[in-house]
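Just below is one structure, and these are the notes that go with it.
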Amino acid sequence: MIAAQGVWKFFGDFAALREVSLEIAAGSTLALLGRNGAGKTTLLRMLAALSSPSRGTITADGASLREPAQRRRIGLIGHGISIYDDLTAAENLEFFASLYGITAPGERIDRWLETTDLLRVRNGLARQFSRGMRQRLAIARAFFHDPDILLLDEPFTALDDRAAALLSGLIRQAHDQGRTLIISTHQLREALQLATDVAVLDRGRLAFSGPNTEELKAAPEDFYRKYTETA
Amino acid sequence: MIAAQGVWKFFGDFAALREVSLEIAAGSTLALLGRNGAGKTTLLRMLAALSSPSRGTITADGASLREPAQRRRIGLIGHGISIYDDLTAAENLEFFASLYGITAPGERIDRWLETTDLLRVRNGLARQFSRGMRQRLAIARAFFHDPDILLLDEPFTALDDRAAALLSGLIRQAHDQGRTLIISTHQLREALQLATDVAVLDRGRLAFSGPNTEELKAAPEDFYRKYTETA
Amino acid sequence: MKSQSDWIWAGVTAVMMVTALYLTFVWVPMERTMGVVQRIFYFHAPPFFVAAIAIVVSLVAGIRFLVTRDFRFDELAVASAELGLVFESMNLATGPFWARPVWGIWWTWDARLTSAFVLWLMFVGYLILRRAVDEPTQRAVLSAVLTVFQAVGAVIVYLANRLWRTQHPQPVIAGGQGSGLHPDMWLTFVFCTAAFMVLYLCLLRHTRRLERMRREIEGLRRTVHSL
Amino acid sequence: MELLRQAWAIARKDLRIERRSKEVVNAAFSFALVVLLLFSFTFDPTGDQVREMSGGLLWLVYSFAGVLVLTRSFAQETQNDCLDALVAAPVPGSAIFLGKALANTVFLLFLELATLPVFTIFYNVRWEAKMAWLLPVLVLGTWGFTVIGTVFSALTVSVRLRELMLPLLVFPITVPALMASVQLTTTLFTGEPIAGDLVWLQFLAGFDLIFTLLGVTLVETILVG
Amino acid sequence: MELLRQAWAIARKDLRIERRSKEVVNAAFSFALVVLLLFSFTFDPTGDQVREMSGGLLWLVYSFAGVLVLTRSFAQETQNDCLDALVAAPVPGSAIFLGKALANTVFLLFLELATLPVFTIFYNVRWEAKMAWLLPVLVLGTWGFTVIGTVFSALTVSVRLRELMLPLLVFPITVPALMASVQLTTTLFTGEPIAGDLVWLQFLAGFDLIFTLLGVTLVETILVG
Ligand code: HEM
Ligand SMILES: Nc1ncnc2c1ncn2[C@@H]1O[C@H](COP(=O)(O)OP(=O)(O)OP(=O)(O)O)[C@@H](O)[C@H]1O
Ligand SMILES: Nc1ncnc2c1ncn2[C@@H]1O[C@H](COP(=O)(O)OP(=O)(O)OP(=O)(O)O)[C@@H](O)[C@H]1O
Ligand SMILES: [Mg+2]
Ligand SMILES: [Mg+2]
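This is the structure in C-alpha cells:
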C-alpha cells in the first residue's frame, strides 16, 4: 500500500501540491485526473522518488521510497521515452537490467522484445527506429523488471496506434496480476473504464478521491466538472 | 486558394510525403487527419514555408509561399508556443508586429491582450506567466496580424481549458470571416464538427480529400479506419 | 560490383605510382644541400595540390547540390572531402620529416605550415559536422553551405601567406623567386603530381559508390521501420 | 532599407532581452575573467615577454568567451520554437542573420571593452596614446568573428554536440582575421608605429565584407533548407 | 562493492555509446587541436621561453577541451529524459556519479594521450626519459578535474546557459589541482629533477580524495533535490 500524508510540494513560493493525503491499496488501479497544471506529474514524480515532498511523507508499505528495495518495485512511464538512441534495443534493456540487478537477463530481454515485436531489430540502434518502435521499446523498458507498482503519466498521448494497443493490453494484464497502477490522464472515459479508484487534483488540492462507481462511469464529465469547477 | 501539386518531401531517401496534390479553396476549413507519422506536420510546415518541398510546388493564389507578401497572410500555431520568455506580453506582440511591418501596433496589441484576457499582465514577463497564460499569449501571437490563412498543428493538445475555449471561439470566428483554416488533429469528432473539407494522410499518401458530409460526421471512426486501414 | 573500368583505373594508378616511386628514389638527381631528404619533396607538395583540387571539387559539387538537390552531388562532395583530408594529411605528415633534418625542428608556426594545418582542420570539421546530423537532406544542405564558407576561408588563408614572412620555401608554381628547380626535378615533380591526381580520381570512384550505398541503406531501413 | 529595418527589429529584440536579464554578457564576462585567471596561473606574466604576447592573449580570451555567446545566439530561439515563428514571418533570412549578427557584435564589444582594462591591469600593459586605434581594430575584428559565428550558430542549431561543433567550425575560418587583429593589437600595445600595419586593417575590412556577403546570401538556405 | 558494480554498469554504458559513435572524443580532440592552433598566435614557440610554459599550455588545452566533454556528460542524459529513468532506478546517486566520473576520466585520458604527441611536436618539447612520470600526473590531475566537473555537470544540467555556467563553476575550484599538474608537467618537460615536486603529487592525491568524497555524499541531493 502506498500512503501519502499531508504532502506539499513547493516550487519556490508556488505550491504545486497542497496538503495531499492519499492511500492507494495494493492491487488497485487509480485514475489520477485533473486539468493541466493541477499537479498530476508533480505527484507522480514524487511517487517515483524523482523528487521529494517539501512537506509530508510518502511511504510504500511503511518504507521510504528512496530505499532501493522500494524503487525496485516501481515502474515508470513519463513524458520522455528514457531510452538511449546510441544503444541497440537489446543493449538498452540489458543496461536497465544491470541497474535493477537482474542477472542473466538474456532470456527475459528476448521475451520482451518478442512481446513488443522488436525481436527482428534486436541489434538495431534505437536512433534508427521509427517513432512507434521507440515507444514500444520504452514500454518494454518500463515493464521489464516486472514492477508491482506502475506509474504512468499520460501514457497514451502521442503514442502511435500499435504502441497504444500494446500498452493498454499490458495495463489490463498488470491489473489482473494484482499489480498497483496509477495512471494520470485527460481521457476521462477511457480512464474510468479500467480504474478501480479515482483521484481528482484541482490546483494542487486533492478535490476528490474514492472508489470508482457505476454512476461515475455513466457521467464522467459532470463528475469531473463538479470537482474542477473552482477554476 | 492554396494549391499543392505533386508534392514530395524526402528525409534522405525516406518519403514523408508522396505525390500529394491538394487544393484548398479560400474560406474553407480543412481537417487534416492521419495517424502519427502520417505527415501532417511535414505538410503544414511546408504550407507555412518553413521547409520547401523536395518535389512539386505549393502556391497560394499562384504565388510562391516564400514571398513575403504570401507569408504575411499566414498564421501558424505549431507544437511550440513561439513566444519569448524574457519579453513582456506586450513586447512579444510588439516584436512580431514589427516583423509583419505593422506600424503603430499599440492599439491592436491592447485589443488582443484584451481578447486573451492578458491586459492586466500587459507588462509582465512571459516567463512568469502560468502555462495557460502563455498559451493564450501564443494564440494572440498567431492571430495578431490577422492572417487569412491559418495553419494549426494539433492546436488543442496540451491546451488548458480556458485557452482551448478561447481558441475554438477564434477559429469559429475566423471561419465566419471567410478565412481559410487548415487544422491537423487526432480528435475526429471535434474536427469534423467544424470542418468544411477533410483530407486524410496515410503514410505520406493523400488517402482521401473531399468536402465534409453528414454521413462523415455521423460515423467518423469508420470513415477514418477505412482510409488508414493499410497500416 | 567491380566493373571493368574499375580495374583499368586501378591498373593505371598502380603503374603511375610505381613509376613515381622509381623517378623519386632512383632516377632524379640528388639535391646538393639537403641531400636525400629532399626527395620527400616529391611526395610532399603534390598531395597538397590534390587536396586543394579536392576542395574545389567539393565546393562545385556542394553548389550543384544546393541548386539541383540531387544527392549524387552530395556524394561527390563528401567523397572528395574525405580524400582531401587523406591527401592533406600526407602533406602534413611528410613535412615534419623534412623539417626535422633541414630546420632541426619538427614544426614551426610559420604561416605556410599554419595554413596547411588550418586546411586540415577544415576538412576534419566538415566531416565531423556531417556525422552530427542525422537527417540526410539537412546533412547535405548544411555541409554544402559549410563547404562554401570553408573554400573561401581556405583561399583567404592561403593568400594571407603571401602577406606573412615565412621560413617555408616559396611556391614553385606561380611563386616568384626560389623556383630554380633542375629540369629533371621538375619532370619528377610534375609526374608525381599527376600520379597523385590519378590516385585521387581512382579512389574517388570508390568513395562515391560507398557513400551512395550508405545513403541507400539508410533510406531502406527507415522505410522498412516505418511499416 | 526595408531589410535593415527588419534586421534592426530583430537586433533590438535580442538587445532588449539581454538588457533585461544581462545573463549572457555577465556570464561571458565572468568566463573571460576565469580564462585570464587560468592564463595567469599557468604562466606568470612578467617582463616584455608578455607584452609581445599581450595581443594574442587578449584575442584568445575574446575568442573563447565570444564563441560561447555565439552558441547561444540561435540556440535560444529554439526554446519555444521561436525560430519557426521567425522564419515563417515575412522577413528574409538575411534580415534575421544581420539582426542577430548586429546584436552579437554589440554583446561582444561590450564584453571586450569590459575585459580590456582588467587585462591591462593583470598584465600591466602600458597605456599608450594611440590606443584610440584599438577601437577600429576591435570593431572590425569582432564583426568578422561574429558574422562567421552567427552563420554557423544557425548552421549548428539543430545539430548534435552543438557546443563542441561551433568552435570547431568557426575558429579555423576566422584564423586570418584573428591573426590580423592580434598583429595590430600587439603593435599598439608594444607602442610601435601603426603605419606599417595598416594593410592588416584593410585586410580585416575585406575579410568582413566577403563573409558578410556570403552569410547574407546563404543563410536563407540554412534556415529553410 | 554493490556500489562499484552499479557504477561500472553506468560507466560501461557511456563507454559503449562513445565507442560506437566516437563523437565526443573526436570532436573534443579536434577542438584541442584548434586550441593549439589559437595558442600559436600568442606564444611563438621558438626558444626556451615556451618550454617554461609548456606545462601550462598543455593543461590549458586539456581544461578547455575537457570542460566541453563534461558539459555533455549529464546533458546527454536529458535527451529522452533518460536521467529520470536513472534516478528512479534502484541505484544510489553516488553510483551514477562515480560511473559518470569514471567514464569521463577515460574520455579525457584518451583525449590527453592523443593530444600529447601533437603538442610535443607543435611546441618542440624534447622528449625526456622520465616521461613515464607523466602518467600518474595525468591520471591524478584528470581525476580531480573530472570529479568536480561531473558534479557540476549534474548541478547545471537543468540550468539555462549550461555551456557558459559549467566552466565558470569548475575552473576556479580546480585551479589548485591545475597548478599542481602544471608545475609537475613543466618540471618533466624541462627535464629538471622531479624529486622536489613529489609533494605536488601528494597534494593532487589529497585533492582528488576530498572532492571525490564530497561528490559521493552530495550528488544524491543534487539529483533528487
Ligand atoms: C613542417 C611541415 C610542413 C608543412 C605543413 C608544409 C606544407 C606545405 C604546403 C601546404 C605546401 C604547398 C604550398 C603552396 O603550394 O603554396 C608545401 C609545398 C612545399 N614544401 Fe612544404 N611543408 C612543410 C615542411 C617543408 C619543409 C621542411 C620543406 C623544405 C625545406 C618544404 C618544402 C616545400 C617545397 C619545396 C614545396 C613546393 C613549393 C610549392 O610548389 O608550393 N616543406 N609544403
Ligand atoms: N520544475 C518546475 N518548476 C516550477 N514550477 C513547476 C515545475 N514543475 C511543475 N511546475 C508547476 O506545478 C504545477 C503542476 O505542474 P504539473 O506538471 O504537475 O501539472 P500536470 O497536472 O502534470 O499538468 P499536465 O496535465 O499539463 O501534465 C504547474 O503549475 C506547473 O507550472
Ligand atoms: N526532421 C525529420 N527528420 C527525419 N524524419 C522526419 C523528420 N520530420 C518528420 N520525419 C518523419 O516524417 C514522417 C512524418 O512526420 P510528421 O511529424 O509529419 O507526422 P505527423 O502526422 O505530424 O505525426 P503526429 O501526428 O505524431 O504529429 C514521420 O515518419 C517522421 O519520422
Ligand atoms: Mg503532466
Ligand atoms: Mg505532428
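Residue numbers (the working numbering), protein chains in the order written: chain B, 1 to 231; chain W, 232 to 462; chain F, 463 to 689; chain D, 690 to 914; chain U, 915 to 1139. Note that the Cβ used here is the ideal one computed from N, Cα and C, for glycine as well.
So what's residue i in DSSP terms, helix, strand or just coil?
i: residue 5/B; result: strand
i: residue 900/D; result: helix
i: residue 61/B; result: coil
i: residue 182/B; result: strand
i: residue 436/W; result: strand
i: residue 52/B; result: coil
i: residue 243/W; result: coil
i: residue 1040/U; result: coil
i: residue 313/W; result: coil
i: residue 705/D; result: helix
i: residue 442/W; result: strand
i: residue 340/W; result: helix
Grab me the residues of residue i's own chain with a C-beta within less than 6 Å of its C-beta, minus the 5 sequence neighbours each way, in chain order.
i: residue 156/B; result: 164
i: residue 1114/U; result: 1094, 1097, 1098
Return the residue from the list the options that minimises the CA-CA distance to residue i.
i: residue 21/B; options: 31/B, 3/B, 128/B, 35/B; result: 3/B
i: residue 275/W; options: 420/W, 439/W, 415/W; result: 415/W
i: residue 385/W; options: 308/W, 259/W, 258/W, 293/W; result: 308/W
i: residue 747/D; options: 849/D, 781/D, 757/D, 867/D; result: 867/D
i: residue 1206/U; options: 1033/U, 917/U, 1021/U, 1106/U; result: Residue 1206/U is absent from the model: chain U starts at 915 and stops at 1139.
i: residue 254/W; options: 459/W, 458/W, 411/W; result: 411/W
i: residue 1047/U; options: 1105/U, 1084/U, 1004/U, 1001/U; result: 1105/U
i: residue 543/F; options: 488/F, 583/F, 472/F; result: 583/F
i: residue 844/D; options: 620/F, 609/F, 617/F, 618/F; result: 609/F
i: residue 1116/U; options: 977/U, 1127/U, 1129/U, 1090/U; result: 1090/U
i: residue 150/B; options: 53/B, 60/B, 56/B; result: 60/B
i: residue 139/B; options: 36/B, 81/B, 12/B, 1/B; result: 81/B
i: residue 161/B; options: 246/W, 266/W, 243/W; result: 266/W
i: residue 530/F; options: 284/W, 305/W, 297/W, 296/W; result: 284/W
i: residue 1013/U; options: 1059/U, 917/U, 1120/U, 1124/U; result: 917/U
i: residue 482/F; options: 654/F, 686/F, 662/F; result: 654/F
Report buried or exposed for residue i, applying the criterion of at least 16 other Cβ atoms within 10 angstroms of its Cβ.
i: residue 145/B; result: buried
i: residue 343/W; result: buried
i: residue 484/F; result: exposed
i: residue 420/W; result: exposed
i: residue 931/U; result: buried
i: residue 714/D; result: buried
i: residue 338/W; result: exposed
i: residue 644/F; result: exposed
i: residue 264/W; result: buried
i: residue 1112/U; result: exposed
i: residue 819/D; result: exposed
i: residue 766/D; result: buried
Leaving out five residues on either side along the sequence, give the residues of the same chain with a beta carbon under 8 Å from the beta carbon of residue i.
i: residue 327/W; result: 372, 375, 376
i: residue 257/B; result: Look at the range of chain B in this structure, 1 to 231, and you will see that residue 257/B is not part of it.
i: residue 672/F; result: 541
i: residue 742/D; result: 875
Near residue i, which residues of its chain fall below 7 Å by C-beta distance, leaving aside the five closest residues on each side in sequence?
i: residue 17/B; result: 7, 8, 9, 39, 42, 43, 204
i: residue 526/F; result: 535
Quiz item: Does the region 991-1002 of chain U come close enough to the region 904-912 of chain D to have 3 or more Cβ pairs within less than 8 Å?
Solution: no
Quiz item: Would you call the region 975-993 of chain U and the region 1009-1028 of chain U touching, i.e. three or more CB-CB distances under 8 Å?
Solution: The region 975-993 of chain U, when compared against the region 1009-1028 of chain U, does touch it at the 8 Å Cβ threshold.
Quiz item: Between the region 1002-1020 of chain U and the region 920-937 of chain U, do three or more beta carbon pairs fall short of 8 Å?
Solution: yes
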